[in-house]
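One structure is given here, and the rest of the page talks about it.
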Amino acid sequence: MRGWGPPGRSAASPSAPASPAGRYPAPRRAPLWTCLLLCAALRTLLASPSNEVNLLDSRTVMGDLGWIAFPKNGWEEIGEVDENYAPIHTYQVCKVMEQNQNNWLLTSWISNEGASRIFIELKFTLRDCNSLPGGLGTCKETFNMYYFESDDEHGRNIKENQYIKIDTIAADESFTELDLGDRVMKLNTEVRDVGPLSKAGFYLAFQDLGACIALVSVRVYYKRCPSVVRHLAVFPDTITGADSSQLLEVAGSCVNHSVTEEPPRMHCSAEGEWLVPIGKCMCKAGYEEKNGTCQAPSPITNVKKGKIAKNSISLSWQEPDRPNGIILEYEIKYFEKDQETSYTIIKSKETTMTAEGLKPASVYVFQIRARTAAGYGVFSRRFEFETIPVSVAASSDQSQIPIIAVSVTVGVILLAVVMGFLLSGRRCGYSKAKQDPEEEKMHFHNGHIKLPGVRTYIDPHTYEDPNQAVHEFAKEIEASCITIERVIGAGEFGEVCSGRLKLPGKRELPVAIKTLKVGYTEKQRRDFLGEASIMGQFDHPNIIHLEGVVTKSKPVMIVTEYMENGSLDTFLKKNDGQFTVIQLVGMLRGIAAGMKYLSDMGYVHRDLAARNILINSNLVCKVSDFGLSRVLEDDPEAAYTTRGGKIPIRWTAPEAIAFRKFTSASDVWSYGIVMWEVVSYGERPYWEMTNQDVIKAVEEGYRLPSPMDCPAALYQLMLDCWQKDRNSRPKFDEIVNMLDKLIRNPSSLKTLVNASSRVSTLLAEHGSLGSGAYRSVGEWLEAIKMGRYTEIFMENGYSSMDAVAQVTLE
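FYI, the numbering for the sequence shown is -47 to -1, 1 to 763, going by mature numbering (1 follows the signal peptide of the UniProt record, and there is no 0).
Right, here's the structure in full:
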């Protein structure tokens, strides 16, 4: 370890003054708080998920970890055992009474096992500096983590400045002296990732600069997509890629007794999840799919005789228990007993048949098998039936004559009665021609009254059978008409792909395809197709167009028009500052026109945000994602409210948050936020403020400040959309008219919100979020979640709130 430490600094730390008795635990002794925290840690450490492969887990190492501390009186290993006498490896450093601390802890060499992206999970506790007696000015509340790549185990003696910093680690929860009596203390858990790695292994290092830390566990792992069988194809264990957004294409192998025309493929995501399968295997003829393998379909077992005559035999049967797909037809083979070489085969689409042209008083053998798209199954066992002799058939025919006569007489009487009723009805004058004309115009549609010429939105959840709504509002597409080309994202229920749609007699179209993931529940299928039932009711150039659905085969799909530029928020971030004001207003006008159409239809979107607007190559914006007719459970922007359920707080009107009062007026509030997103090129509304801070600030009258270079007319429209009284907000038709006027008169967009007043207003508005004036610049920056910039402000001379208040745009 010679030479360890930065150039110009001695490797040895200055001697530490003795800790005053009763003030703080001595740094060389295992203090009581560490032992207590270990007890808590044992209750919180859980098994790793199946898609994570551990490279190191300090909790499971039975012997010495082999880690090195430098200097030796810095990090200290605390040896403990659990209730099963298994060792617990905990490292602690607590030299807060000493100046110029630089304590390093180095792990042993860790093989990455071929992974190019690894994750480090730390569980630790850290003491609050403010709780120390006398308030030590040198005390820190963070520590640093580094790594160094090496192909072998001989790279640990390098200098510290050759290590690469991963991050500065801070505690979400620090403890105080008052917490020492609490035997169930919470641990901090932080996870960081490193990649791409290019060598066979690496070392980790932890640097302390004067904090009081107990490092309870270190787990290093990589992610993989575990081996799986999908669509009769085996996909092997696959290590994820180096990039957080990378998808690895993996080829699958068909299981025994299965074949394929298109090689099966799947994509392994960076999170260790298998995405949409492309291509599939199918069981060979005579086999059926069961539990991921190909077996003999079950034969037909229950064959019953029907009417038997001298020259014919009628049969019926039940379809097999495991037919290996939809039965297309049945094949019936029969022959006269002992004459097997001469047989007849007939086909039937029903589960009944009649064999005719048979010999009287003869025994015939019957066998039946089913055919599906996968081919023929096996024949049933032999069933024997005998035709009636000629003498028996003749006597039976004679006995039927009186019965036939009676049947004809009864039929004539019934016909006369029916004709009498019909004539009576006409004499009463009840005919369609004499119905009330207004009554004829009114039609009942699944419990809803629909008037001709008026289009209104119908909630598919009111249908007793959700499948009826899907097939009423969306066209069914044959899966063979769709070609999936690549995965472009992940949705709430599965993956989103791009591809081509070729319908008979129509030109090929580029489309987006949402798929329903394997293993879905019936509720997930209903919710997934519910979006198509909504989308299929809309027809407007600024609403995403539904091409159709696939429900009669798997995977279940929703097929829409393809929008080349994807979601509006991502598109704006990629093209920051690249558009004219008129182009931005044109985008906003398209969104407003789409929302006017929805409002006129009586539909409330409830999740209007730039991420839910799609944009094509012509910069036409279209409203999409009609999923908030159901609860937003998986939206990362959604948060729980006190009234239950999840809603996207930053985009939602106050009355909708407080009382769940969603109306077109609450959509207008959301539209104002979308305007702000567009003009600021995809900036996050309210920045890093928490959802609770946003709710409180909006209730107190705070509104987002004008984006930079924003026309005053647009910002005024935003403020109008954010009126607290929802009745004071403009309607969507008024918004469309206003934007049309601005587009026709571009000079009206030249007046911008004053830049200097914008900055001072921003400072004042942020300052109002706290309880009174801030005492320091650091305190103010912490309040607006920008504490990491404190040193930069100080270095540039902004050391007081008065100086900050003078900040201008320049």
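Note that the Cβ used here is the ideal one computed from N, Cα and C, for glycine as well.
Being a predicted model, the structure only gives us computed values, none of them experimental.
Exposed unless 16 or more other CB atoms sit within 10 angstroms - verdict on residue i
i, result
"Asn55", "buried"
"His107", "exposed"
"Tyr296", "exposed"
"Trp629", "buried"
"Phe612", "exposed"
"Thr129", "exposed"
"Gly245", "exposed"
"Gly750", "exposed"
"Gly530", "exposed"
"Tyr515", "buried"
"Glu242", "buried"
"Asp522", "buried"
"Tyr317", "buried"
"Val343", "exposed"
"Trp675", "buried"
"Gly489", "buried"
"Asp418", "exposed"
"Ala204", "exposed"
"Pro601", "buried"
"Ala666", "buried"
"Ile566", "buried"
"Ser700", "exposed"
"His396", "Because His396 sits at a pLDDT of 34, beneath the cut-off of 50, its placement in the model cannot be relied upon, and the point is left open."
"Glu448", "buried"
"Glu748", "exposed"
"Ile192", "buried"
"Glu214", "exposed"
"Val144", "exposed"
"Asn4", "buried"
"Tyr742", "exposed"
"Arg559", "buried"
"Trp640", "exposed"
Beta-bridge pairing of residue i - partner residues as DSSP gives them
i, result
"Tyr156", "Phe101"
"Trp622", "Answer is none; Trp622 lacks a bridge partner."
"Phe188", "Val181"
"Phe319", "Tyr287 and Phe336"
"Asp120", "Met98"
"Tyr668", "In the DSSP output, where bridge partners are listed per residue, Tyr668 has none listed."
"Lys76", "Thr142 and Ser170"
"Arg324", "Glu282 and Tyr329"
"Asn7", "Tyr174"
"Leu567", "Ser520 and Lys575"
For residue j and residue i, believed in contact at Cβ under 8 angstroms, the rounded distance
i, j, result
"Ile648", "Phe579", "Ile648 to Phe579, Cβ: 25 angstroms. No contact."
"Ser69", "Gly148", "6 angstroms"
"Asp161", "Val46", "5 angstroms"
"Leu140", "Phe77", "7 angstroms"
"Gly163", "Val49", "6 angstroms"
"Trp57", "Ala158", "6 angstroms"
"Ser269", "Lys257", "5 angstroms"
"residue 765", "Ile496", "Past the boundaries of the shown model lies residue 765; the chain is included only from -47 to 763, so the question cannot be answered."
"Ser103", "Phe188", "Not really, about 33 angstroms apart at Cβ, beyond 8 angstroms."
"residue 783", "Leu150", "Outside the displayed range of the chain (-47 to 763) lies residue 783, so it cannot be described from this structure."
Closer than 7 angstroms: residue i CB and nearest the ligand GDP heavy atom
i, result
"Glu417", "With respect to small molecules bound, the structure shown includes none, and the ligand GDP cannot be examined in it."
Open item on the list: Going residue by residue through the stretch 452 to 500, where are the continuous alpha helix (DSSP H) segments of at least 4 residues, counting only ones entirely within it?
Closed with: 475 to 488
- [ ] Check whether the stretch 428 to 444 touches the stretch 460 to 478, counting contact only when three or more Cβ pairs, one atom from each stretch, lie closer than 8 angstroms.
- [x] yes
Open item on the list: With three or more beta-carbon pairs closer than 8 angstroms as the criterion, would you say the stretch 166 to 178 touches the stretch 98 to 118?
Closed with: no
Open item on the list: With a threshold of 8 angstroms, are at least 3 pairs of Cβ atoms found where one atom belongs to the stretch 50 to 68 and the other to the stretch 19 to 28?
Closed with: yes
Open item on the list: Just to confirm the assignment: which complete alpha helix (DSSP H) runs, minimum length 4, are found wholly within the stretch 675 to 715?
Closed with: 685 to 697
TODO: Flag this pair as touching only if the stretch 505 to 512 and the stretch 474 to 482 have three or more C-beta atom pairs under 8 angstroms; answer yes or no.
DONE: yes
TODO: Could you say if the stretch 23 to 32 and the stretch 205 to 222 meet the contact criterion of at least three C-beta pairs nearer than 8 angstroms?
DONE: no
Open item on the list: Is it the case that the stretch 257 to 271 contacts the stretch 307 to 317, given that we only count it when at least three CB pairs across the two stretches are under 8 angstroms?
Closed with: yes
Task: beta strand (DSSP E) segments (min. 3 residues) lying fully within the stretch 40 to 71 - done: 40 to 47 and 56 to 59
- [ ] Answer yes if the stretch 545 to 555 comes into contact with the stretch 620 to 627, meaning at least three C-beta pairs across the two stretches below 8 angstroms, and no otherwise.
- [x] yes
Task: Segment contact flag, the stretch 661 to 673 with the stretch 636 to 650, C-beta cutoff 8 angstroms, min 3 pairs - done: no
Open item on the list: My parser needs the beta strand (DSSP E) runs of 3 or more residues fully inside the stretch 260 to 300; what are they?
Closed with: 265 to 270 and 282 to 289
Task: Segments of 3+ residues assigned as beta strand (DSSP E) that fall wholly inside the stretch 500 to 560 - done: 510 to 514
Open item on the list: I'd like the ranges of any beta strand (DSSP E) spanning at least 3 consecutive residues and lying wholly in the stretch 217 to 241.
Closed with: 218 to 221
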